[in-house]
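>
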Ligand code: SF4
């Protein structure tokens with residue numbers, strides 16, 4: 003049983019982050035934010051893919067000024083990503099649901115005070131987003147690009163805001179490798195009770211980003227660390243959401259959808275299992291109820307797996323069994339098994355709603 007670190011709960015728009023809230027999933031658009039059409043289109047794609055919130059980069063005034071219209075045309079909670087220029091944060095705070103800044107990068111305390119005032123007025127949180135590749139100079143000089151350097155930077159930035167009486171915070175500590183990322187989050191976790199936004203940054207292409215994020219984020223999630231997450235992929239937007247959701251589901255952190263148990267196949271295989279499992283996966287994507295199903299290539303392990311599965315197929319020579327809760331409900335020719343199996347899955351999903 004995973005025991006989550008107790009964290010303070012904050013809200014990004016309508017989405018609760020921290021405390022007992024489900025771990026939320028987010029991504030970031032790659033259009034120029036000032037290109038309102040493209041940004042709205044990407045936000046809507048992410049919404050459709052299952053994102054809980056979305057971040058947009060705000061490097062200049064054109065981008066900041068576009069946020070009002072983007073807000074009016076989309077409903078996902080919006081996070082504005084801002085570096086250095088506090089005036090952009092002031093404009094963004096009028097429209098978005100969270101600001102990502104590092105107070106140390108904004109400069110004079112008076113400027114940070116103004117950002118805090120704007121966030122307080124609209125009751126929106128700030129994410130302190132520490133990134134190993136852009137540590138403040140003094141932390142990098144003292145600690146190098148290390149987990150310790152990230153943690154010291156986070157503590158400095160947290161104190162900066164706490165001294166101004168602002169605690170509506172979440173924190174991220176991202177490095178481009180798994181080891182430093184995990185070390186940093188582990189180090190900071192017992193020191194503060196703010197929710198954590200998890201991510202391995204600049205994780206690469208789909209294949210490697212998936213693996214790095216599964217190891218890094220999966221490790222932390224299993225230790226009860228993490229309240230919201232982003233999988234960073236050099237690839238299409240929807241992939242980030244798909245992989246993040248899969249990490250939550252396959253780590254056992256989120257109980258939703260089908261957990262498909264299927265064998266790797268071997269010389270005893272009695273059917274085209276690869277095709278059957280692909281069909282099962284595709285046709286059950288819409289199911290949100292947490293069900294265990296197994297699809298196995300021969301009777302050697304199929305009956306054992308079927309005992310602990312809600313619905314199962316055990317292939318035999320030219321035919322096979324469909325089983326529900328370990329009991330055989332049908333013996334059918336091979337080409338009818340998937341269809342019957344899917345009917346049983348749908349029925350069980352409906353009954354457990
Ligand atoms: S279930 Fe049968 S076909 Fe699948 S890997 Fe095991 S022995 Fe091989």
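In our numbering, the protein residues as written are 3 to 355. A virtual CB, placed ideally from N, CA and C, is assigned to each residue, including glycine.
1. What is the DSSP secondary structure of residue 99, reduced to helix, strand or coil?
2. Can you check which of these residues, 235, 172, 189 and 188, is closest to residue 202 by C-alpha distance?
3. Can you tell me the Cβ-Cβ gap for residue 325 and residue 351, rounded? I've got them flagged as a contact below 8 Å.
4. Provide the residue(s) that pair with residue 33 in DSSP beta bridges, ordered along the chain.
5. Using the DSSP secondary-structure output, state which residues sit across from residue 316 in a beta bridge.
6. What span of residues does the beta strand (DSSP E) with residue 18 cover, start to end?
7. What residue from 313, 5 and 172 has the CA that sits closest to residue 81's CA?
8. Which residues does DSSP list as the beta-bridge partners of residue 171?
9. Considering only residues of the same chain and omitting the five flanking positions on each side of residue 154, which have a CB-CB separation below 8 Å?
10. Exposed or buried, which one is residue 104 when buried takes at least 16 other CB atoms within 10 Å?
11. Would you mind working out which of 268, 15, 27 and 3 sits nearest residue 232, comparing C-alpha positions?
12. Any heavy atom of ligand 1 closer than 6 Å to the beta-carbon of residue 299?
13. With burial defined as no fewer than 16 other Cβ atoms inside 10 Å of the residue's Cβ, what is the status of residue 280: buried or exposed?
14. Please go through the same chain and pick out, in chain order, the residues whose beta-carbon is closer than 6 Å to the beta-carbon of residue 195, but skip the five residues on each side of it.
15. Rounded to whole angstroms, what's the CA-CA distance from residue 291 to residue 260? Just pull it up for me.
16. Under the criterion of a Cβ to heavy atom distance below 6 Å, does residue 100 qualify as lining ligand 1?
17. Under DSSP, the alpha helix (DSSP H) around residue 1 begins and ends at which residues?
18. Please state the DSSP three-state secondary structure of residue 1.
19. Name the residue from 210, 37, 111 and 178 whose alpha carbon lies nearest to the alpha carbon of residue 166.
20. What does a CB cutoff of less than 8 Å around residue 75 pick up in its chain, not counting 5 residues either side in sequence?
21. Measure the alpha-carbon distance for residue 334 versus residue 343 and round it to whole angstroms.
22. With respect to the alpha helix (DSSP H) encompassing residue 331, which residues constitute its N-terminal and C-terminal limits?
23. Leaving out the 5 sequence neighbours to the left and right, which residues in its chain are closer than 8 Å to residue 178 when beta-carbon positions are compared?
24. Three or more C-beta pairs under 8 Å: does that hold for the segment 81-90 against the segment 54-61?
25. Within 10 angstroms of the Cβ of residue 193, are there 16 or more other Cβ atoms? Answer buried if so, exposed if not.
26. From the beta carbon of residue 231, is the nearest beta carbon of chain D less than 7 Å away?
27. In chain order, what are the residue ranges of uninterrupted alpha helix (DSSP H) at least 4 long that sit wholly in the segment 107-159?
28. Looking at the unbroken beta strand (DSSP E) that takes in residue 56, where does it start and where does it end?
29. By alpha-carbon positions, which one of 113, 126 and 109 ends up nearest to residue 96?
30. Would you mind reading off the limits of the alpha helix (DSSP H) that contains residue 213?
31. For residue 216, which residues of its own chain have a beta-carbon under 7 Å away from its beta-carbon, when the five flanking residues on both sides are left out?
32. Whose C-beta lies closer than 7 Å to the C-beta of residue 243 among residues of the same chain, with five residues either side of it excluded?
33. If we count the other Cβ atoms within 10 Å of its Cβ and call it buried at 16 or more, is residue 4 buried or exposed?
Here's the rundown:
1. It is coil, neither helix nor strand.
2. Closest by alpha carbon: 235.
3. Not confirmed; about 17 Å, so no contact.
4. Answer is none; residue 33 lacks a bridge partner.
5. In DSSP, residue 316 forms a bridge with 298 and 323.
6. 17-19
7. 172
8. 128
9. Sequence-distant Cβ neighbours of residue 154 in its own chain, meaning closer than 8 Å and more than five residues away, are 141, 144 and 145.
10. buried
11. Selected option, being the one with the closest Cα: 27.
12. yes
13. exposed
14. The answer, listed in chain order, is 9 and 10.
15. 7 Å
16. no
17. The displayed coordinates of the chain run from 3 to 355. Any statement about residue 1 would go beyond what the structure contains.
18. Examination of residue 1 is not possible in this model, given that the chain is present from 3 through 355 alone.
19. 111
20. Excluding five sequence positions before and after residue 75, the CB atoms of its chain that fall closer than 8 Å to its own CB belong to 38 and 42, given in chain order.
21. 11 Å
22. It is not in any alpha helix (DSSP H) - residue 331 instead sits in the beta strand (DSSP E) that spans 329-335.
23. Scanning its chain for C-beta atoms nearer than 8 Å, with the 5 sequence neighbours on each side dropped, one finds around residue 178 the residues 134, 135, 202, 203, 204 and 205, in chain order.
24. yes
25. exposed
26. This model lacks chain D altogether; it includes just one protein chain.
27. If we require 4 residues or more, the alpha helix (DSSP H) runs fully inside the segment 107-159 come out as 111-124 and 139-145.
28. 55-59
29. 126
30. 208-224
31. 249
32. 27, 29, 48, 51, 52 and 53
33. exposed
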